[in-house]
Amino acid sequence: MIHLKNLTKMFDKEYAVKNITFDLPPGKCTALLGPNGAGKTTTLKIIAGLMHPTSGQVDLSNGMRGDIRQYIGYLPQHPQFHNWMTGKEFLQYVARLSHIPYPESKKRAERLLERVGIADAKNRKISSYSGGMKQRLGIAQAMIHKPSVLLLDEPVSALDPIGRRDVLNLMEELKQEATLLYSTHILSDAEEASDEILLMHKGSIVESGSLQDVKERHQLDKITLRFEGDMQSYKEKVEAFPFVTHTDIQKKKLHVYVQNVPEARDVLLDLVNKEQWPLLFFEVGQTTLEDLFMKVVKEHAMADHL
Amino acid sequence: MLLTQNAIEFINDNLAIIAPLLIIQVVLMITALVSLIRAEATKGPKWMWALIILFINTIGPIAYFIFGRSQE
Amino acid sequence: MQWLTIYKKECLESARNYRWVWVPLVFILFCIMDPLTTYYLPQILESTGGLPDGATFNIPTPPAPNVFMMSISQINTLGVLVIALITMGTIAGERKSGVAELILVKPVSYSAYVTAKWAAHVSLVLLSVFVGLIASWYYVQLLFGDVSFIHVMSSVAFYVLYIIFVISISLFMNTWTKIPGLVLFLTISVILVLNLITSIFSHLLEWSPTSIVSHLPALLRSGEVGQNLWMAGLITILSIIFLLFGAIQTLKRREIV
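Protein chains in written order, with the working numbering: chain A, 285 to 590; chain B, 82 to 153; chain C, -6 to 250.
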């Protein structure tokens, strides 16, 4: 399989990718999640061999050796084609480039065009294709040589809802045939299609693991409170309890992360009663992956504004 | 009058020599026009290229082939 | 065969672009222009009324090999410009538009990619130069007198080496920048500078690729290939190999983004 080791890529002294290390889990579908500019495209391009890392390396194992390009299929974010060719001609061309014999290349091109749903347009020039059709042709060209790893850069974000549905279904099928690594900046797309998640932020991987694990890790119990007046004094008092792991104030709300919800709820409500604190809002809940993602995106947006 | 007669005479005498030149220029122009008609998009309006191809001898069709066709 | 696949694709592209038609026709026009205008010069002068009454003016008819050389110098200027224009985007354009990303992410050998593109352009341009010079020879033969076909062919054989050299410079420049216009500028600049240096130091640089043209009149007249021409030919072939090798190495180090 594919292993990234201490991969770093710099553009003019700026880190695009900063010392990332991960093993691509074989047979799984992994989402490379992160806000725009987090380094997702750069990471994919380095794996595909289109960019050279500043330091670190991409290693192969499990019987893969030599030119990594023979094992991977790659779909760029905005695929461009030879627009003077027909869809079928282009697929056959890239098939032949992948050392597939002529008769087989013809068969595969036909079959894939059928499969991605643009068989009707196979003999039309690519210049007449719509954006969605080009995206489908892009997926077909990535699959033409039956690669064991598929790298898809934002495969669904530019599509309309129907196209998006189709491509997600297609990815679901592809999971059976290849290891998938795809980037997205939309959390729900990542949650829908992937088994594993890599959350990227400013060129680093800030969270990774199976979707379930990551979710659980971020399912902290929390109690959210709001009082009249300054929250800071309440925060200090609440922090003293042993069941409180930590607290923070966001948008005038006090978030109390706790270990034991029933106990914490009772103690806190008692305290509010006894001390006559002017309570405005009380909620028991859990944090989600979305909270983490939003935090990362927000930090990113803040950094951009500075 | 004399001049035109001379010209006609001149062309008659030299037809075998000049004909290939004229034929190549016409074929070049026709090829450019066919390409223009079949093109889905050109850089700049099609009618402009049509005028250039028709009225600027030799250079017109060459300019169209090099600069007029929108690549990719 | 990956190489053949790319070569065929390039040829197909030239067919869809009508290049197989217009480039040879344009080269024929370039080549027959000078023989015809030289032949008709007296009539042209007369019709423009350039000569005062009574003035007799004898324009000497140039020797046939000189007229053939006029065609070669047309190719050397206008022809080279057309060659640079049609090759300026062959790799740079694909990288600029982003197609190169889809092509080079397949297990394509960089040497096949560069040399197949080179070979396809060489095929088109050599065909064009060849038909152009044959047309020129036909007119020279018809209007100015005999030039040996064998001499013409051996001159063409050496001259096309220079033309292939020009195509190789363009391919090389194609790997240095993504901007086709800049490729054109660099290619033409290199050729101009080489020509300048060769003419300034002509006594020293008799083996430069650009000096091939200056050896051709002698070859046309005598049919004998001088030692300098042999050496210039050899140097040109070596330069072509060097340029192609350089192009492949440069492209390998480039990031295809």
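The C-beta atom is built at its ideal place from N, Cα and C for all residues, glycine as well.
Can you tell me which of the three DSSP states B/Met82 falls into?
-> Within the second sequence, numbered from 1, the residue matching residue 82 of chain B stands at position 1. Reliability fails at B/Met82, whose pLDDT of 47 lies under 50, so the model's placement of it is uncertain and the value that follows must be treated cautiously. Correct three-state label for B/Met82: coil.
Exposure label - A/Tyr386; buried when at least 16 CB within 10 Å = Numbered from its first residue, the first sequence carries residue 386 of chain A at position 102. Its Cβ having fewer than 16 others within 10 Å, A/Tyr386 is exposed.
Proximity to A/Tyr355 [Cα-Cα], best of A/His336, A/Phe374, A/Leu397 and A/Ile286 = For the purposes of this step, residue 355 of chain A is taken as residue 71 along the first sequence, with counting starting at 1. It is A/Ile286.
Listed by chain order, chain B residues near C/Asn10 by CB distance under 9 Å | What you label residue 10 of chain C is simply residue 17 of the third sequence in a count that begins at 1. Result: Ser116, Phe146, Arg150 and Gln152.
How many Å lie between B/Asn87 and C/Thr31 at the Cα?
-> The residue given as residue 87 of chain B occupies position 6 in the second sequence. The residue given as residue 31 of chain C occupies position 38 in the third sequence. Cα to Cα, B/Asn87 sits roughly 20 Å from C/Thr31.
Out of C/Ala8, C/Ile241 and C/Ser64, state which residue places its alpha-carbon closest to the alpha-carbon of C/Trp169.
-> By one-based count along the third sequence, residue 169 of chain C stands at place 176. Of C/Ala8, C/Ile241 and C/Ser64, the residue nearest in Cα terms is C/Ile241.
State the start and end residues of the unbroken alpha helix (DSSP H) segment that holds B/Phe136.
-> Residue numbering aside, residue 136 of chain B sits at position 55 when the second sequence is read from its first letter. Looking at the DSSP string, the run of the alpha helix (DSSP H) that includes B/Phe136 is Lys127 to Phe136.
Nearest to C/Val101 (by Cα), restricted to the options A/Gly333, A/Asn346 and A/Ala405 = Here residue 101 of chain C refers to the residue found at position 108 of the third sequence. The shortest Cα separation from C/Val101 among A/Gly333, A/Asn346 and A/Ala405 belongs to A/Gly333.
Alpha-carbon spacing of B/Gly149 relative to C/Met81, whole angstroms | Counting from one through the second sequence, the residue named residue 149 of chain B turns up at place 68. Counting from one through the third sequence, the residue named residue 81 of chain C turns up at place 88. B/Gly149 and C/Met81: Cα-Cα distance of roughly 15 Å.
Among C/Gly174, C/Phe151 and C/Ala57, nearest to C/Phe123 - alpha-carbon criterion = Here residue 123 of chain C refers to the residue found at position 130 of the third sequence. Per the Cα distances, C/Phe151.
Neighbourhood of A/Ile533 by C-beta, 7 Å cutoff - its chain only, sequence neighbours within 5 removed = The count along the first sequence starts at 1 and reaches residue 533 of chain A at position 249. The residues are Met515 and Lys519.
Taking only heavy atoms of the ligand ATP into account, decide whether any of them is closer than 7 Å to the Cβ of B/Phe146.
-> Among the components of this structure there are no ligands whatsoever, and the ligand ATP is therefore not found.
Exposure label - A/Ser478; buried when at least 16 CB within 10 Å = The residue labelled residue 478 of chain A in the question sits at position 194 within the first sequence. Buried: at least 16 other Cβ atoms inside 10 Å.
So, is the C-beta of C/Val14 closer than 8 Å to a C-beta in chain B?
-> Position 21 of the third sequence, counted from the start, is the residue given in the question as residue 14 of chain C. Closer than 8 Å to some Cβ of chain B, the Cβ of C/Val14 qualifies, so yes.
Have a look at C/Ile79, C/Gly138, C/Leu136 and C/Leu71 and flag the residue whose alpha-carbon is nearest the alpha-carbon of C/Val115.
-> Along the third sequence, read from residue 1 onward, the residue named residue 115 of chain C stands at position 122. Of C/Ile79, C/Gly138, C/Leu136 and C/Leu71, the smallest CA-CA separation from C/Val115 is found for C/Ile79.
The segment 207 to 238 of chain C: which residues have C-beta closer than 9 Å to a C-beta of chain A, in chain order?
-> Residues of the segment 207 to 238 of chain C with a C-beta atom less than 9 Å from some C-beta of chain A do not occur.
Answer yes or no: do A/Val433 and A/Leu465 have a C-beta to C-beta separation smaller than 8 Å?
-> Counted from its first residue, the first sequence places residue 433 of chain A at position 149. Counted from its first residue, the first sequence places residue 465 of chain A at position 181. The answer is yes: Cβ separation under 8 Å.
Pick out the complete alpha helix (DSSP H) segments inside the segment 35 to 119 of chain C, 4 residues or longer, and give them in chain order.
-> Listed in chain order, they are 57 to 67, 73 to 80, 85 to 90 and 92 to 97.
If A/Pro363 and A/Lys329 are in contact, beta carbons under 8 Å, what's the gap, nearest whole angstrom?
-> Within the first sequence, numbered from 1, the residue matching residue 363 of chain A stands at position 79. Within the first sequence, numbered from 1, the residue matching residue 329 of chain A stands at position 45. Between the beta-carbon of A/Pro363 and that of A/Lys329 there is about 13 Å, and that puts the pair past the 8 Å contact cut.
Chain C residues whose Cβ lies nearer than 7 Å to that of A/Ala332 | Numbered from 1 along the first sequence, position 48 holds the residue referred to as residue 332 of chain A. Neighbours of A/Ala332 on chain C, chain order: Val98.
Which of helix, strand or coil does DSSP assign to B/Leu114?
-> In the second sequence, residue 114 of chain B corresponds to position 33, counting from 1. Correct three-state label for B/Leu114: helix.
C-alpha distance - C/Thr180 paired with A/Gly318, whole-angstrom precision | Here residue 180 of chain C refers to the residue found at position 187 of the third sequence. Here residue 318 of chain A refers to the residue found at position 34 of the first sequence. Cα to Cα, the separation comes out at about 43 Å.
Quick one: grab the DSSP three-state call for C/Phe235.
-> As a first step, residue 235 of chain C must be located in the third sequence, where it is residue number 242. In this structure, C/Phe235 counts as helix in the three-state DSSP scheme.
Can you grab the Cα-Cα spacing for the pair A/Thr463 / A/Cys313, in whole Å?
-> As a working mapping, residue 463 of chain A is identified with position 179 in the first sequence. As a working mapping, residue 313 of chain A is identified with position 29 in the first sequence. Approximately 6 Å, taken between the alpha carbons.
For C/Ser66 and C/Ser195, the rounded distance between their alpha carbons | Here residue 195 of chain C is taken as the residue at index 202 of the third sequence, counted from 1. Here residue 66 of chain C is taken as the residue at index 73 of the third sequence, counted from 1. If you take the alpha carbons of C/Ser195 and C/Ser66, they lie about 18 Å apart.
Could you tell me which residues DSSP puts in a beta bridge with B/Thr123?
-> As a position in the second sequence, residue 123 of chain B is number 42, starting the count at 1. Note: B/Thr123 sits in a beta bridge opposite B/Arg150.
Is there a Cβ from chain C that is less than 8 Å from the Cβ of A/Gln341?
-> Taking the first residue of the first sequence as 1, we reach residue 341 of chain A at position 57. By this cut-off, A/Gln341 is not an interface position.
What residue range is occupied by the uninterrupted beta strand (DSSP E) comprising A/Leu482?
-> To locate residue 482 of chain A, count along the first sequence from 1; it is residue 198. Element bounds for A/Leu482: Glu480 to His485.
Option nearest A/Pro445 by Cα separation, candidates A/Gln425, A/Ile428 and A/Asp473 = In the first sequence, counting from the first residue as 1, residue 445 of chain A sits at position 161. Ranking A/Gln425, A/Ile428 and A/Asp473 by Cα distance to A/Pro445 puts A/Asp473 first.
Any beta-carbon of chain C closer than 8 Å to the one on B/Leu214?
-> Residue 214 of chain B cannot be examined here, being either before or after the span of chain B that is shown, 82 to 153.
For A/Asp599, which of helix, strand or coil comes out of DSSP?
-> Because chain A in this structure spans residues 285 to 590, residue 599 of chain A falls outside the shown range and cannot be described.
6 Å CB neighbourhood of A/Val581 in its chain, flanking five on each side removed = Taking the first residue of the first sequence as 1, we reach residue 581 of chain A at position 297. Listed in chain order, the non-local C-beta contacts of A/Val581 below 6 Å within the same chain comprise Pro319, local neighbours out to five positions each way being set aside.
Cα separation between A/Ser492 and A/Leu471?
-> Walking along the first sequence from the start, residue 492 of chain A turns up at place 208. Walking along the first sequence from the start, residue 471 of chain A turns up at place 187. In a straight line, the C-alpha of A/Ser492 is about 14 Å away from that of A/Leu471.
Hey, out of A/Asn290, A/Met427, A/Ile410 and A/Arg380, whose CA is closest to A/Leu454's CA?
-> Along the first sequence, one-based indexing puts residue 454 of chain A at 170. Taking only the C-alpha atoms, the option nearest A/Leu454 is A/Met427.
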